[in-house]
Amino acid sequence: MPSESYRTLYRLIEALPVVSSHEHHQTDDFQRQLTLDRMIEKSYVGWRGLLPGADPSSRGAFLAQCRHSSYFVWLEKGIQRVHGFSEKITADNWDEVSARISRAHAANPAAHIDILREVGRYRRAVQDTYWEYGSDVGHPELFAPTMRTDMFVRCFHPDVLDHDANTPFAHYPDAPREDFADYLDFLQALFTRWRSAGAVAMKSASAYERPLAYGAGDRAVAAAVFGQPPETVSAQARGTYEEFMFNWFCELALKLEVPFQIHTGLGQLAGSQPLLFESTIARYPQLHFVLFHMGYPWYHEIAGLAHNYANVSMDMVWAPIISPSAAVAALHQYLEVARSSDLIAWGSDTWTSEDAVGALLAWQYVVATVLAQKVDDGYFDMAEAEVLAHKLMYRNAARIYGFDLT
Ligand SMILES: [Zn+2]
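Position 18 (the sequence shown) corresponds to 31 in the working numbering; numbering is contiguous.
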């Protein structure tokens with residue numbers, strides 16, 4: 014039985030506006046053709062896939078496998094909330110649920126935006142369009158882009174692809190290929206244009222393909238590597254190129270006056286431990302690093318970094334749907350150790366509005382649980398819990414990314 018403080022706080026939280034630090038919201042075209050299958054495919058449930066040997070054609074086997082995982086639990090809650098039913102999704106009602114989803118999106122091409130605004134109460138969101146860097150997917154009133162750096166950090170030659178199969182030389186055929194200084198000028202102009210057009214942050218998800226430990230890099234080595242066929246470049250020289258480029262982007266983030274969002278945890282697993290990023294945090298004391306995903310499973314390392322460094326904030330994006338119980342434990346710690354409770358934010362990290370609503374329900378649960386426990390333990394009173402509810406649901410993210418909500 015939830016406590017009286019939990020019920021009071023939950024009622025407050027579910028009525029508050031929402032600002033998200035991170036989404037991969039799909040385009041109008043994709044949303045218009047949404048089905049249950051397509052929604053699952055573009056979700057963490059689908060991303061993680063089936064166990065080896067599982068029958069991909071059996072919906073019953075798929076549901077039996079994933080039903081108790083947090084990703085599925087919150088996706089199902091999101092679909093139920095948006096489409097107004099309470100039964101579990103089963104192999105028997107799958108087609109009916111899918112048809113209900115399709116009808117809603119086919120009848121109203123703006124349904125996906127209406128859901129975010131009306132069911133999710135989203136006011137603004139930072140959008141990471143890794144398939145088209147710098148895009149607001151045609152909805153600048155809701156989405157402001159983050160400027161992804163991954164392919165520029167990774168790729169020194171058209172044959173080198175990053176973990177999303179991107180290379181700058183395919184996306185930007187005009188990018189200089191001969192002279193490294195010209196190439197860097199091209200990148201600076203590109204990012205400056207994105208910033209002028211409304212981008213509010215820089216973003217690295219390079220932890221999916223290399224460790225978070227970045228040395229300072231070396232411009233001469235990077236210039237020598239640039240344009241070389243990959244089979245002629247040593248692993249060490251490649252690493253130095255990546256380090257130089259990453260540091261170059263840190264300098265550019267300072268010039269463009271944007272925070273740098275960093276994927277930590279759950280990338281290439283051992284290399285994505287948040288503490289590996291400490292030397293970079295120390296190298297740029299003036300640059301605001303937003304550490305994502307509570308560095309799962311190392312959420313205490315994020316707390317340690319935020320305790321010691323003033324230029325770090327803790328973003329619980331994705332965390333509540335990875336593990337709500339870990340997110341509860343982490344948020345307790347983050348509130349306790351943060352230099353300021355202004356430094357904790359959240360995003361859904363999803364591709365569809367139904368999944369975003371499910372992730373929001375998970376975040377509301379985490380926030381209400383932690384704040385109510387803190388009130389019930391006498392750590393702070395209800396008035397402070399209410400202040401924090403406003404900060405965690407929208408105020409902190411709006412401040413960090415410069416959104417004016419008035
Ligand atoms: Zn993401």
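In this text, a Cβ means the ideal position worked out from N, Cα and C, and glycines have one as well.
C-beta contact flag for Y221 and E256 at 8 Å
Cβ atoms of Y221 and E256: not closer than 8 Å.
According to DSSP, simplified to helix, strand and coil, what is D172?
coil
State the CB to CB distance for the pair Y347 and M327, rounded to an integer number of angstroms; the pair is presumed to be in contact (CB under 8 Å).
Taking C-beta atoms under 8 Å as the contact rule, Y347 and M327 qualify, at a distance of about 5 Å.
When the Cα atoms are used, what is the spatial distance from R134 to A369?
11 Å
H37: beta carbon under 7 Å from a heavy atom of ligand 1?
yes
Compute every distance between the C-beta of D368 and the non-hydrogen atoms of ligand 1, then say whether any falls below 7 Å.
no
Using the C-alpha atoms, what's the distance from P242 back to V271?
34 Å
So, is the C-beta of P298 closer than 8 Å to a C-beta in chain D?
Going by chain labels, chain D is absent from the structure shown, which holds only one protein chain.
Is D141 near ligand 1, going by C-beta to nearest heavy atom under 7 Å?
yes
Grouping DSSP H, G and I as helix and E and B as strand, with all else coil, what is Y322?
Collapsing the DSSP output to three states places Y322 in coil.
Using the Cα positions of A218 and L356, report the straight-line distance between them to the nearest angstrom.
A218 and L356 have their C-alpha atoms spaced approximately 20 Å apart.
Taking the straight line between their C-alpha atoms, what separation do you get for S353 and F239?
42 Å
Extent of the continuous alpha helix (DSSP H) to which P298 belongs:
That residue, P298, is in no alpha helix (DSSP H); it is neither H nor E in DSSP.
List, from N- to C-terminal side, the alpha helix (DSSP H) runs of 4 residues or more that fit wholly inside the stretch 188–262.
193–209, 232–238
Applying the 10 Å Cβ sphere with the 16-neighbour rule, what's the burial state of H37?
With a threshold of 16 other beta carbon atoms within 10 Å, H37 meets it and is buried.
Would you call the CB atoms of V95 and A157 closer than 8 Å?
no
Do H306 and V330 come within 8 Å of each other at the CB atom, strictly closer than that value?
yes
Can you give me the Cβ contacts of H125 inside the same chain, cut-off strictly under 6 Å, excluding the 5 residues immediately before and after it?
Answer for H125: Q44, S366, listed in chain order.
Does G360 pass the burial test, meaning 16 or more other C-beta atoms within 10 Å, or should it be called exposed?
buried
What residues in its chain sit with their C-beta under 8 Å from that of I114, if we drop five residues either side in the sequence?
L47, T48, L49, M52, I92, H96, E367
Could you check which residue in L63, R137, G62 has the C-alpha nearest to that of N409?
R137
Using a threshold of 7 Å, is the CB atom of D41 nearer than that to any non-hydrogen atom of ligand 1?
no
With three or more C-beta pairs closer than 8 Å as the rule, is the stretch 64–75 touching the stretch 178–188?
no
Alpha-carbon spacing of L428 relative to A396, whole angstroms
Here the chain covers residues 14 to 419 and nothing more, so residue 428 does not appear.
Please report the residue range of the beta strand (DSSP E) in which E36 lies.
Secondary structure note for E36: its beta strand (DSSP E) is the uninterrupted segment 31–36.
Distance cut-off 7 Å: D362 Cβ against heavy atoms of ligand 1:
yes
Distance between beta carbons of I294 and N324, contact taken as under 8 Å:
Contact between N324 and I294 holds: CB atoms are separated by about 6 Å, below the 8 Å threshold.
Within 10 angstroms of the Cβ of T245, are there 16 or more other Cβ atoms? Answer buried if so, exposed if not.
exposed
Which listed residue (D390, T382, W376) has its alpha carbon closest to that of V31
Closest in alpha carbon position to V31, among D390, T382, W376, is W376.
For R161, which three-state DSSP category applies?
Under the three-state reduction of DSSP, R161 is assigned to strand.
Could you tell me whether the Cβ atoms of M160 and Y143 are closer together than 8 Å?
no
Just how far apart, CA to CA, sit T21 and L401?
14 Å
Going by C-alpha to C-alpha distance, which of G308, W364, L25, P153 sits closest to F416?
P153
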